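Here you go:
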C-alpha cells in the first residue's frame, strides 16, 4: 500500500510538556526503526522493533524517551518532560524482510518537533 | 572517533562530471553498507547497498567497498543538477539491527 506515514508532520510544544509521535509503517513490514535527525546531521538511531518487541533500544537518549508498538504495526514514540534539546526531526522507517542484513529501510516524512 | 565519518562538503562538480563520495567506518565487524540520498527538507531514500568487497554498479551509481580499509565510496557518473542533495553513508554493525549514519556530504552539481 502507501508508504510510511507519520503524524503529526509538525509539533510545537513547550518545555516540560509530554508529546506523542505516531508512525504507520508499510503494511506487512515487521521491522520498524525510529531515528532523530538534527540540522546538518545524519539520522541518529533511537530504537528498533521486531514485531511488537523492542529488539534494540540502545539509542534512546534517556528515560524520558519511550516507544511502543503494541500490535506490531503502528508505533508511538513518547517523550516526557520535553527539553529544548529534543527539538529535531523524528524519522520512522520500516523494512522487510525483518531483521535481514540485506534490507531497504523506507523512511516516513518525519515529524518536526520544536520545543520552546 | 565517530563511528561513520564523511566529509561534510560541500562537494561541487560540473554537470556531466563524476562525483566521488567517501565514507569510513570504525566497526570492523560491520556487514552491511548503504548510501542514502536526502533532498533538503525530505527524508532519506536508499540508492545503493553493498555487502561484499569490490564494486557494485546500478545505472549511473557505483558503490565500492573495502572492508580491510574500512572504507566505502559512491561514484556518480554523468552527474546531473537533480543529483544535488546530501548523501548519507550508513553502516549496519555486528549487532545486526542498529544502523549508524554519517553526517552526510552535500553535493552540488552545477549546470
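Protein chains in written order, with the numbering used here: chain A, 1 to 116; chain B, 1001 to 1111. Backbone N, C-alpha and C define an ideal beta-carbon position, used for all residues, glycine too. These figures come from a predicted structure and were not determined experimentally.
Using the C-alpha atoms, what's the distance from residue 92 of chain A back to residue 56 of chain A? 15 Å
Quick check on the burial criterion: 16 or more other C-beta atoms within 10 angstroms. Buried or exposed for residue 52 of chain A? exposed
How would you call residue 33 of chain A, buried or exposed, if buried means at least 16 neighbouring beta carbons within 10 angstroms? buried
Where residue 107 of chain A meets chain B, residues with beta-carbon distance less than 8 Å: 1043, 1044, 1045
Contact between the segment 1069 to 1080 of chain B and the segment 61 to 76 of chain A is defined here as three or more beta-carbon pairs at a separation below 8 Å; is this criterion met? no
Give me the Cα-Cα distance between residue 1052 of chain B and residue 1031 of chain B, rounded to the nearest whole angstrom. 8 Å
Could you tell me which whole beta strand (DSSP E) segments of length 3 or greater appear in the segment 21 to 94 of chain A? 31 to 37, 44 to 50, 53 to 56, 65 to 68, 75 to 79
Per-residue burial, residue 1153 of chain B [other beta carbons within 10 Å of its own, 16 or more giving buried]: There is no way to answer for residue 1153 of chain B, as the model of chain B reaches only from 1001 to 1111.
For residue 115 of chain A, count the other beta carbons within 10 Å of its own beta carbon; 16 or more makes it buried, fewer makes it exposed. Which is it? buried
Minimum C-alpha distance to residue 48 of chain A - residue among A:63, A:77, A:64: A:77
Neighbour list for residue 1102 of chain B in chain A, Cβ cutoff strictly below 7 Å: 42
In terms of residue numbering, what span does the beta strand (DSSP E) encompassing residue 1061 of chain B cover? 1061 to 1066
Give, in chain order, every residue of the segment 41 to 65 of chain A whose Cβ lies closer than 8 Å to some Cβ of chain B. 41, 42, 43, 44, 45, 48, 50, 55, 56, 58, 59
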